[in-house]
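> Structure provided below as structure tokens; questions to follow.
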Ligand code: FES
Ligand code: FES
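Residue numbers (the working numbering), protein chains in the order written: chain A, 69 to 814; chain B, 207 to 363.
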């Protein structure tokens, strides 16, 4: 859920961080000592090791980086079971299936014997292009496609060499098929039988990759490898980590971000059975909190409820949503940083105008698994168990808090129950909090692993929201819909200001995460001015980041112009695209064709709505059907046209579009707003911050444009165009455009 | 001491009688398949069956469970229960789970719902939506949940 501009700028931005904080290259371990360890740990000998520590020094070509070493990613057991380590966080998007598919394709593995697991903060599991550990920006497949293909191809080559040696034949005469090496005379050897010998073969530097037409797995709709575990309660998440002696910690957070304590009365809390201790701890943004450590969640919760705390909020800024909107409106009229420029002279003379103001509230991510982090300290280091999108950064932050070197912190990446950006925080807020609690506990003589749990209330009120935004547009156009000038202003907090991403993401005073998705691919004479006020509310990327608001603004305004000039919204867009945007055109055309738009009569009271948007290099178009029932907007059906180049696992792409559509819908429905009064967040749980329920779910049909180009990501792009398509349908029913989220009809 | 009957086994739980069943399951008995999502009966992640009825274990104290049979996901999708097995199979077939965190609760609600239907009855979409309305899914797996519940009902007919 990191912004698109990452792809170009991240490496430079993070250089200082990498140099300062990256774990030193893992010590080489001789193969002999690995085997000893493996034996000691009860592992069967004769496996191809899955070990981030590089294999036999002699067999390791210097040219290969840790991210290219098969031994860090692949374990082949004697029974032929292949386990693939994934360098990304699985939080629903299906990466624990898709990357193994890519590796297994080139390995020619038997898919029924492929398993997968998470990596860690070891250097091997960094993004191969960015050099940092990262799940975000929909780039897992995009950046690791070639990496995982090469890993599979390298291991295959090693297995072939081992078989050639065993049979004393030329490796060129051998083939591989579904987990076996096959000789010219038909003899076979299973990968499991060859694994140990293959491990001793030098890792090839260069490998040939398959021709796309020979793919057997890539492109096949494939069931998730975690489907069974996740359909039986057997899947463990970060919150299910149970270490011997572990205590649960709940922290009482300040009511206003960054506030401190005047006094603490913890007498009643300490008297609660199961409460071990109560500790004052530093929390995010210079604030203070009180941690209650107890045997289990319930005692910790009772303890926290029993605290009597006197907060001092005098020194912190207290945001108020109503005042904030007035401030944003005022700012919108002032000169600001310029992102796009164009001649605005034709605006005054244009025969037709649209003047529009849009308001978007703060939004919480509310992943279903509440935020948590488990910390165990030991002599000479610490271990973290956390479902993290940025495990390298979180590990480095933990090291700073605990007074360790980054390489002394091991991050065990845990399956995460959703995240949507909230588990990828530049400040590592809740990871730092967990470490502060663990450190304070140890200083108080409590030597136990600590699991920090954020209740749902902590999560809803804990900040790091999609920023509130105000957009203002004045558009001049002619009777044919030709835009003569478009003057646009965006007001909203910068997500990256003050973080280590600032240097690369903020250009001329404009945070690219606030403007991504504006204007393009329409060739519009747009002037875009941006204001980034600073407020005491932490903000963060939220699935699809800037496109959560820019897609809505762009796609509803384009529709407004079409409606104003009595043009079909599809035809109008296609005309604007010209031949500049072939992927937009293909995605939109596919959605139009499959939906029956313009061909099929809708049920009475329903209207069509259309929108198309590119984010993170993938394009999604929606054609939707909506109506109004009892004054409430209802979304009945959404047909998606998707262009993500090569579709690695069409089944996952479908699921991601369904999920993106629902999350897009979540922004439209009542209750989708975080508001503040006197600096305090007004919502507490799912009663105040409401999510869509099953009855809100439209029928979603997903169609993918065939393509063999290198794949682009699909974790986020299904979200942005849903809300504007829905709004456009409703505008056709009411004659009035919707410019506020969540929607308010009439 | 509170006596809890969970998945056919009897446990003595040394906890405050007001402790929600959820935390007795997760923190005392080590049954972590039942999930914590909101702690306020708003999301359904913690759904278990008490004498066959779906309840929100995050707000139901262990004192209310004495003398009752608690069934959790661990005994629902392990092959021992025909309805639970049909639901599990349909969930796998439709690849319902994304992050998977809400799915224990979804499966418990679906199982309770299908058990409540007369034998062979086929629920409508509206029936399914009503039965599953208490379970939130942030990942947006609702369309597949609908399809999987309908499929499980067919398999059980
Ligand atoms: S955790 Fe019980 S309903 Fe949400
Ligand atoms: S599958 Fe993630 S919350 Fe439902």
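Just so it is clear, CB atoms sit at the ideal spot from N, CA and C, and this is done for glycine as well. This one's a predicted model, so the numbers in the text were calculated from it and none came from an experiment.
Going by beta carbon distance, what residues of the same chain come within less than 7 Å of residue 473(A), once the five residues before and after it are set aside?
The sequence position of residue 473(A) within the first chain is 405, counting from 1. The residues are 467.
> Is residue 307(B) near ligand 2, with its Cβ less than 7 Å from a heavy atom?
Counting from one through the second chain, the residue named residue 307(B) turns up at place 101. Under cutoff, so the answer is yes.
> According to DSSP, is residue 499(A) helix, strand or coil?
Counted from its first residue, the first chain places residue 499(A) at position 431. DSSP places residue 499(A) in helix when its eight states are reduced to three.
> Ends of the alpha helix (DSSP H) at residue 211(A)?
Along the first chain, one-based indexing puts residue 211(A) at 143. Its alpha helix (DSSP H) spans residues 208-235.
> Skipping 5 residues on each side, what residues in its chain have a beta carbon closer than 7 Å to that of residue 169(A)?
Sequence index remark: in the first chain, residue 169(A) carries index 101 (1-based). Result list for residue 169(A): 285, 286, 290, 716, 717, in chain order.
> What in chain D is Cβ-close to residue 753(A), meaning under 9 Å?
No chain D appears in the structure shown, which is made up of the protein chains A and B.
> Given that residue 767(A) touches chain B, what residues does it touch there, using C-beta distances under 8 Å?
Taking the first residue of the first chain as position 1, residue 767(A) is located at position 699. Ordered by position in chain B, the residues that pass the 8 Å Cβ test against residue 767(A) are 349.
> What does the alpha-carbon distance come out to for the pair residue 239(A) and residue 220(A)?
As a working mapping, residue 239(A) is identified with position 171 in the first chain. As a working mapping, residue 220(A) is identified with position 152 in the first chain. So the alpha carbons of these two residues sit roughly 17 Å apart.
> What residue range is occupied by the uninterrupted alpha helix (DSSP H) comprising residue 733(A)?
In the first chain, counting from the first residue as 1, residue 733(A) sits at position 665. Taken as a continuous stretch (DSSP letters only), the alpha helix (DSSP H) holding residue 733(A) covers 718-734.
> Look at the Cβ atom of residue 384(A), then the Cβ atom of residue 604(A), and state whether they are nearer than 8 Å.
Taking the first residue of the first chain as 1, we reach residue 384(A) at position 316. Taking the first residue of the first chain as 1, we reach residue 604(A) at position 536. Yes, the Cβ-Cβ distance between residue 384(A) and residue 604(A) is below 8 Å.
> If you draw a straight line from the C-alpha of residue 164(A) to the C-alpha of residue 555(A), how long is it?
Position 96 of the first chain holds residue 164(A). Position 487 of the first chain holds residue 555(A). When rounded, the distance between both Cα atoms is 44 Å.
> Using only the alpha-carbon positions, how far apart do residue 236(B) and residue 360(B) sit?
Residue numbering aside, residue 236(B) sits at position 30 when the second chain is read from its first letter. Residue numbering aside, residue 360(B) sits at position 154 when the second chain is read from its first letter. Going by the C-alpha atoms only, they are around 34 Å apart.
> Among all the DSSP beta bridges, which residues are the ones paired with residue 441(A)?
Against the first chain, residue 441(A) aligns to sequence position 373. According to DSSP, which records beta bridges pairwise, residue 441(A) is partnered with 520(A).
> Going along the chain, which residues of its own chain have a beta-carbon closer than 8 Å to the beta-carbon of residue 241(B), five neighbours each way excluded?
Position 35 of the second chain, counted from the first residue, corresponds to residue 241(B). Contacts found: 251, 252, 307, 308, 310, 311.
> With 8 Å set as the bound, which would you pick, yes or no: does the beta-carbon of residue 236(B) sit closer than that to a beta-carbon of chain A?
As a position in the second chain, residue 236(B) is number 30, starting the count at 1. Taking Cβ atoms only, chain A reaches closer than 8 Å to residue 236(B), which makes this a yes.
> Out of 340(A), 194(A), 175(A), which has the shortest C-alpha to C-alpha gap to residue 155(A)?
Working through the first chain from its first residue, we reach residue 155(A) at position 87. The candidate whose alpha carbon is nearest that of residue 155(A) is 194(A).
> Between residue 512(A) and the rest of its own chain, which residues show a CB-CB distance below 7 Å, the 5 nearest in sequence each way excluded?
Working through the first chain from its first residue, we reach residue 512(A) at position 444. Here the set comprises 345, 347.
> Hey, is the segment 703-710 of chain A in contact with the segment 658-665 of chain A, meaning 3+ C-beta pairs nearer than 8 Å?
Yes, the segment 703-710 of chain A touches the segment 658-665 of chain A.
> With 16 as the cutoff for other CB atoms within 10 Å, does residue 341(B) come out buried or exposed?
As a working mapping, residue 341(B) is identified with position 135 in the second chain. Looking at its Cβ environment, which holds 16 or more other Cβ atoms inside 10 Å, residue 341(B) is buried.
> Answer yes or no: does any C-beta atom of chain B fall closer than 8 Å to that of residue 788(A)?
Indexing the first chain from 1 puts residue 788(A) at position 720. Residue 788(A) does not count as touching chain B.
> Taking its Cβ as the centre, do 16 or more other Cβ atoms sit within 10 Å of residue 561(A), making it buried, or is it exposed?
On the first chain, residue 561(A) is found 493 positions in, with the first residue counted as 1. Label assigned to residue 561(A): buried.
> Closest Cβ-Cβ distance between residue 279(B) and chain A: below 8 Å?
Translated into positions along the second chain, residue 279(B) becomes position 73. Judged by the 8 Å Cβ criterion, residue 279(B) is in contact with chain A.
> Over what stretch of residues does the beta strand (DSSP E) that includes residue 319(B) continue unbroken?
Counting from 1 along the second chain, the entry for residue 319(B) is found at position 113. Segment 309-322 is the alpha helix (DSSP H) holding residue 319(B); no beta strand (DSSP E) there.
> Can you list the residues near ligand 1, meaning Cβ strictly closer than 6 Å to any non-hydrogen atom, in the order they appear in the chain?
Those satisfying the condition are, in chain order, 242(B), 243(B), 244(B), 245(B), 247(B), 248(B), 249(B), 250(B), 251(B), 252(B), 262(B), 264(B).
> Check whether chain B comes within 8 Å of residue 104(A), counting only Cβ atoms and requiring the distance to be less than that.
Translated into the one-based positions of the first chain, residue 104(A) becomes position 36. Interpretation of residue 104(A) is limited by its pLDDT of 29, a score under 50 that renders its predicted location unreliable; the figure taken from the coordinates is listed afterwards. Answer no: the Cβ-Cβ gap between residue 104(A) and chain B never drops below 8 Å.
> Quick one: residues in its chain with C-beta nearer than 7 Å to the C-beta of residue 370(A), no 5 flanking neighbours on either side, listed in chain order?
As a position in the first chain, residue 370(A) is number 302, starting the count at 1. Contacts found: 340.
> Would the beta-carbon of residue 343(B) be found less than 7 Å away from any heavy atom of ligand 2?
On the second chain, residue 343(B) is found 137 positions in, with the first residue counted as 1. Within the cutoff, so yes.
> Just the Cα atoms here: how many angstroms apart are residue 641(A) and residue 696(A)?
Along the first chain, read from residue 1 onward, the residue named residue 641(A) stands at position 573. Along the first chain, read from residue 1 onward, the residue named residue 696(A) stands at position 628. About 26 Å.
> Take residue 302(A) as the anchor and find which of 326(B), 294(B), 328(B), 287(B) has the nearest alpha-carbon.
Indexing the first chain from 1 puts residue 302(A) at position 234. With distances taken between Cα atoms, residue 302(A) lies closest to 294(B).
> When the distance is taken between beta carbons, is residue 314(B) closer than 8 Å to residue 266(B)?
As a first step, residue 266(B) must be located in the second chain, where it is residue number 60. As a first step, residue 314(B) must be located in the second chain, where it is residue number 108. Result no, Cβ atoms of residue 266(B) and residue 314(B) do not sit closer than 8 Å.
> Got a sec: is the Cβ-Cβ distance from residue 259(B) to anything in chain A below 8 Å?
Start at 1 with the first residue of the second chain, and residue 259(B) comes out as number 53. Cβ-Cβ to chain A under 8 Å: no for residue 259(B).
> Are there any heavy atoms of ligand 2 lying less than 7 Å away from the beta-carbon of residue 347(B), as far as the coordinates show?
As a position in the second chain, residue 347(B) is number 141, starting the count at 1. The answer is yes for residue 347(B).
> When the Cα atoms are used, what is the spatial distance from residue 490(A) to residue 249(A)?
As a working mapping, residue 490(A) is identified with position 422 in the first chain. As a working mapping, residue 249(A) is identified with position 181 in the first chain. Residue 490(A) and residue 249(A): Cα-Cα distance of roughly 45 Å.
> Please confirm whether residue 262(A) and residue 231(A) have their CB atoms less than 8 Å apart.
Sequence index remark: in the first chain, residue 262(A) carries index 194 (1-based). Sequence index remark: in the first chain, residue 231(A) carries index 163 (1-based). Yes, the pair counts as a contact, with Cβ atoms nearer than the cut-off.
> Would you kindly report the start and end of the unbroken beta strand (DSSP E) that includes residue 333(A)?
Here residue 333(A) is taken as the residue at index 265 of the first chain, counted from 1. 328-333 is the extent of the beta strand (DSSP E) around residue 333(A).
> In chain B, which residues lie less than 7 Å from residue 726(A) when you measure between Cβ atoms?
Position 658 of the first chain holds residue 726(A). Ordered by position in chain B, the residues that pass the 7 Å Cβ test against residue 726(A) are 346, 349.
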